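Shown next, in structure tokens, is the structure this report addresses.
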Amino acid sequence: MLPIQSSFGNPGSSTSAAANSKAVLSALKALQDKNRRLEEEKATLESQCASLKAQLRSNEAQQLSAAKKAAYELAQGKDAAHAAYEVLRIERDSLTAELATANLRATHQANEIDHLHDVVASFKDKCEQANLETASLESHLRKVQAELTESNQQSKERVVELQEALHASNRSGKETARQVHALEEQLKRVHDANASLEGRLHDTEVCR
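As structure tokens, then:
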């Protein structure tokens, strides 16, 4: 029968086991803390991605509404210009008739006839100026719409980049802090670009 060995017989072995146990517990706690931080960072990234998607949908709705409003105002402007042209045409025809009558009436009304010619020329200039302004407005609107389209595409590409960053974060916790900072910078640039485009669109509406 083997002798029973007392646990107090080897104090060095007991101390070593306790130290090893503490080291294991410390490593386990550090690993748990790291996992907790990674989960928190993952949740933060998911929240940022969802917020950016919501902002993108809101921006698209605002841009669509602004484009519809601009198109409606442009159509109204064209109708108004056409109506003004018709009024000017009627007035021009009326003035031409008056001029013919004045020519038949007497020679001493020649000065009045010249004045009427000047009025007709002024109306023509106003009509041409209105056409030029309408063409300029159409060109500016096309430019703004192109910029809005480009901004939408850039925003969609940034969303894809954020999703890829989120997947990378799920695979590894390394460089998570750097990715979060990059995401914040990208979100700020998207916000600044949208604010700039909205300001341009507002300026376009004021010009009209």
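So that you can map any letter, position 41 of the sequence shown is 41 in the UniProt record's numbering, and since no number is skipped, the others follow by simple counting.
Beta carbons: idealized from backbone N, C-alpha and C, even for Gly.
The structure displayed is predicted, hence computed values, not measured ones.
Backbone CA spacing between residue 78 and residue 84 [nearest angstrom]
10 Å
ask   = Would you call the CB atoms of residue 45 and residue 165 closer than 8 Å?
value = yes
What is the rounded straight-line gap between the Cα of residue 142 and the Cα of residue 76? 17 Å
Check: Which residues in the same chain have their Cβ closer than 6 Å to the Cβ of residue 3, if we skip the five residues on either side of it in sequence?
Finding: Residue confidence for residue 3 is low, a pLDDT of 41 falling below 50, so the modelled location carries little weight and cannot support an answer.
Worksheet item: According to DSSP, is residue 71 helix, strand or coil?
Response: helix
Cβ neighbour criterion (16 or more within 10 Å) applied to residue 63: buried
**Asked** Rounded to a whole number of angstroms, what is the C-alpha to C-alpha distance between residue 127 and residue 157?
**Response** 45 Å
Do residue 162 and residue 52 come within 8 Å of each other at the CB atom, strictly closer than that value?
yes
If you check the beta carbons only, do residue 139 and residue 193 fall under 8 Å apart?
no
request  = Have a look at residue 202 and residue 60 and give me their C-alpha separation to the nearest angstrom.
outcome  = 16 Å
Practice task
Pull up the distance between the alpha-carbon of residue 32 and that of residue 26, whole angstroms please.
Solution key: 10 Å
Cβ neighbour criterion (16 or more within 10 Å) applied to residue 136: exposed
**Asked** Should residue 70 be labelled buried (16 or more other beta-carbon atoms within 10 Å of its own) or exposed?
**Response** buried
- Task: Put residue 193 into one of helix, strand or coil per three-state DSSP.
- Result: helix
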